[in-house]
Every structure is written in structure tokens, then in C-alpha cells.
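The structure appears right after this line, and notes come after that.
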Amino acid sequence: MRAAKRTLLITGGSGYLGRHLTVRATDAFQVYTTYHTHPRQIKAGQPLPLDLTRRDDALRVITTLAPQAIIHTAAINPGAGSEAEMMRVNATGARYVAEAAVAVGARLIHLSSDVIHSGRHAPYDDASPPTPLNGYARSKAAAEAAVAAVGPTAAMVRTSLIYGLSEIDSGTASFVARLQAGQPLVLFSDAVRQPIWVESLATALLKLVEQPWAGPLNVVGRQVLTREAFGRRMLAWWGIDTRDLLQTARAADISDTIPLDLRLTVAQAEHLLHMTFPGVDEVLAQAETEGRVPVKLGVGRKRNRPPETLCPRSGRERRSTER
Ligand SMILES: NC(=O)c1ccc[n+]([C@@H]2O[C@H](COP(=O)([O-])OP(=O)(O)OC[C@H]3O[C@@H](n4cnc5c(N)ncnc54)[C@H](OP(=O)(O)O)[C@@H]3O)[C@@H](O)[C@H]2O)c1
Numbered sequence: 350m351r352a353a354k355r356t357l358l359i360t361g362g363s364g365y366l367g368r369h370l371t372v373r374a375t376d377a378f379q380v381y382t383t384y385h386t387h388p389r390q391i392k393a394g395q396p397l398p399l400d401l402t403r404r405d406d407a408l409r410v411i412t413t414l415a416p417q418a419i420i421h422t423a424a425i426n427p428g429a430g431s432e433a434e435m436m437r438v439n440a441t442g443a444r445y446v447a448e449a450a451v452a453v454g455a456r457l458i459h460l461s462s463d464v465i466h467s468g469r470h471a472p473y474d475d476a477s478p479p480t481p482l483n484g485y486a487r488s489k490a491a492a493e494a495a496v497a498a499v500g501p502t503a504a505m506v507r508t509s510l511i512y513g514l515s516e517i518d519s520g521t522a523s524f525v526a527r528l529q530a531g532q533p534l535v536l537f538s539d540a541v542r543q544p545i546w547v548e549s550l551a552t553a554l555l556k557l558v559e560q561p562w563a564g565p566l567n568v569v570g571r572q573v574l575t576r577e578a579f580g581r582r583m584l585a586w587w588g589i590d591t592r593d594l595l596q597t598a599r600a601a602d603i604s605d606t607i608p609l610d611l612r613l614t615v616a617q618a619e620h621l622l623h624m625t626f627p628g629v630d631e632v633l634a635q636a637e638t639e640g641r642v643p644v645k646l647g648v649g650r651k652r653n654r655p656p657e658t659l660c661p662r663s664g665r666e667r668r669s670t671e672r
């Protein structure tokens, strides 16, 4: 007789990462997943409503289910709420999830961000303490602290810009929306990140469920790219004609709350999880080799599908994409 699958709760199954992760997780787990306002965005798993601002509800939902593991992806991202809201959902909400995880003895993987760092002392290793510069970063740093205080065995995955090749990421989607509206799009030439392919991240998170790793762990792509270079590659992938609307600027000239150098070391996670985290060019080259795109990278190429069909949430663009 086959053993029953273990129960995995993925919060935020209606979000970008959650949609990919739930689909990937169903092979190995009985998957339950949560939504806040977009139940129809869920692709796999049993949907459950969850409002992370309501402690009693959060504890009831999770303790009633009593999953063996929880991957906590739900959060408010930059541009989607005030700093106070981000603190309530991202930090206090993460604490409720950690409390419930401890109550039922669930393995907890919490999603954090590279932007908890100031970008002034890169490269950052896994144990580097947070030095947040802006409201979103403060909420994610506070979330890490809350999760660690409640459940010291939880893993906290510090990741970077998440992108995929089959569904446009929300950052690129917001760029497309600007371009379609005929508005100039400014991309930063001095802010570097290590974008992560959503499929690599999903694999890493599911592997991490099986590992006893506690505390922060960097899970980012190997390739360091400026925000401009990454934006151009994604726009090219999606066949977007940037016309003459794309401009470059230095983030340092605009604001002192944008971290500039977010290089993170990945050796620890690659060793622990027995995998590598390919960079953007490697992922794109592999896709081309597999015939998944008939185009060479280049800006301004037109493909057949209009961009709006590539973005399931185009009515819900974010004002800022620096998460
Ligand atoms: N995307 C990136 O580039 C990036 C980079 C670094 C770190 N991260 C982290 O990775 C995780 C996933 O990001 P993502 O881009 O997949 O996020 P996303 O697409 O914005 O999805 C956010 C999810 O959180 C849910 N949510 C929002 N407010 C909630 C509330 N009050 N109660 C319960 N659920 C709520 C949303 O539910 P509804 O849609 O149903 O309302 C949605 O499922 C987040 O923790 C984020 O901080 C993301």
C-alpha cells in the first residue's frame, strides 16, 4: 500500500511564486494553498481563504489543517500597500504563520528578500544581518526577526527578482503596461541583482522542506545583472517593442533608499540542496536550445501574441517593482 502524501501548506498560492510552486508540489505532497483576494488565480492545490492581518483566522486555518510543512510566500510587495500595511501583513502576519507552525510542529520555510540589505557591503553571505533602507525592506527584515524568534528552526529564504519564461513576472508586466501607455520607462543602470528563475526557486524550496536548515539562506541566480540589463532581457523575451521609450538612469541620483549592490553568495544553498541556480542568460540560452523561443535576444522584436495576453494580472500592476 502506498503511503499517504504529506500535507504541505503554501500560503499565497494566488501569487506569482505560489502559482508555480503549487503546481510543482502536487507530485510529492497533498497541497493546500491560500488566497486573500484572488481565488481564481490559484492553479493547483486545495484553496483556503487567509487574511494574514487576522491572527485568530490565521491560527485557526493553519492549526485545523495541521500540515507537515508550510512554505510561506504570501506578502504585500512594494507598491501594493503602505509601510504600515506591509508591516501588518509581512512581519506580523509572518509571526502568526510561525506561531501556527510551532503549534502543529510543521517545518516552516519563510520567503524573504535580498532587499533586506542596504547594498553597501556586498557580497552578502547567508548570515549577513539585515540593514534595510526602505519600508518594504524593513517589513521583510522584521518578518525574519519575528519568524526566528517564534520558530528558530524555520528556514528563511532570501531571494531576488523572480521571473519565469511561461508567465510574465509582475515587474516586467508593469514595464509593459507603461510602454503600452506610451509612458517613458526608466531602468536603473547602477543597481545590481541576481534574478532567480521561478522554476529553480520552486525546486529549491521543495528540497528545503526535506532539510533541517535553520535561519537565513541565500537562493538567488548566479548571474549578476543591472536592473536595466535584466529588464531589457525580459522585455526582449516577451517580444516587447520598447520604441524610444526606454531610458536609463542611476538609482543613486534618484533616491538613497534603493539598495544598489545586492550581490549574494549562493555556495551554501547550492551545496546544501545539490543544485545550481542558473543565471538569466543560461536560462534563456537553454530555452532557446530547447526551441522554446524562436528569437535571439534583442530589444524591440515583435512576437505574435500581444503582451496583455501574457499577463494574467495586468489590471493589478504595481507602482514599483523593486522588491
Ligand atoms: N517577486 C519577486 O521578485 C520577489 C523578490 C524577492 C522576494 N520575494 C518574496 O517572495 C514571496 C512571493 O512573491 P510574489 O511575487 O509571488 O508575490 P505576489 O505575486 O505579489 O503574491 C502575493 C500573495 O500574497 C497574498 N496576500 C497579500 N496580502 C495578503 C493578506 N493580507 N493575507 C493573506 N495573503 C495575502 C496574495 O493573495 P491575493 O492575490 O489572493 O490577494 C498573493 O497570493 C513574497 O514573500 C515576496 O516578498 C519576491
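Quick note, the sequence shown lines up with residues 350 to 672 if you use my numbering. Each residue gets a CB set at the ideal place from its N, CA and C atoms; glycine is no exception.
Ligand 1 heavy atom lying under 7 Å from the CB of residue i
i: S509; result: yes
i: K489; result: yes
i: A423; result: yes
i: V438; result: yes
i: D302; result: A question about residue 302 goes unanswered here, because the residues of the chain that appear run from 350 up to 672.
i: N483; result: no
i: T383; result: yes
i: G367; result: yes
i: G513; result: no
i: N567; result: no
i: S477; result: no
Selected residue, minimal CA-CA separation from residue i, among the options
i: V629; options: E493, R542 and L408; result: R542
i: M505; options: A497, F537 and M583; result: A497
i: G362; options: D400, R351 and R355; result: D400
i: H385; options: T360, G394 and R404; result: T360
i: T383; options: A429, A407, A553 and A494; result: A407
i: E637; options: Q617, P561, L514 and H623; result: L514
i: I411; options: T356, A563 and G364; result: T356
i: V499; options: A455, A377 and R612; result: A455
i: V453; options: W562, I419 and N567; result: I419
i: A415; options: V632, T422, R351 and A450; result: A450
i: Q417; options: Y381, E619, T575 and L574; result: Y381
i: V535; options: L366, E577 and Y473; result: E577
i: A530; options: E434, L550 and I589; result: I589
DSSP three-state assignment for residue i, whether helix, strand or coil
i: G564; result: strand
i: H466; result: coil
i: Q596; result: strand
i: K651; result: The predicted model places K651 with a pLDDT of 40, which falls under 50 and marks its position as unreliable, so this point remains unresolved.
i: T638; result: helix
i: L555; result: helix
i: V632; result: helix
i: R612; result: coil
i: I607; result: coil
i: R444; result: helix
i: L621; result: helix
Spatial neighbours of residue i in its chain, beta-carbon cut-off 6 Å, leaving aside the 5 residues before and after
i: A353; result: none
i: I673; result: Outside the displayed range of the chain (350 to 672) lies residue 673, so it cannot be described from this structure.
i: A440; result: S488, A491, A492 and A495
Cutoff 8 Å; reference residue i; Cβ partners in own chain excluding five residues on either side
i: E639; result: none
i: T371; result: I359, G362, V380, T382, I391, K392, A393 and G394
Other residues of its chain near residue i: CB distance less than 7 Å, five sequence neighbours each side excluded
i: L646; result: With a pLDDT of only 33 at L646, under 50, the local geometry of the prediction cannot be trusted, and the value read off the model is given with reservation. R582, A585 and L633.
- [ ] Only counting runs of 3 or more residues, tell me where the beta strand (DSSP E) segments fall wholly within the region 366–441, in order along the chain.
- [x] 378–384, 395–398 and 418–421
TODO: Return the chain-ordered ranges of every alpha helix (DSSP H) run that is complete within the region 488–532 and spans a minimum of 4 residues.
DONE: 519–529
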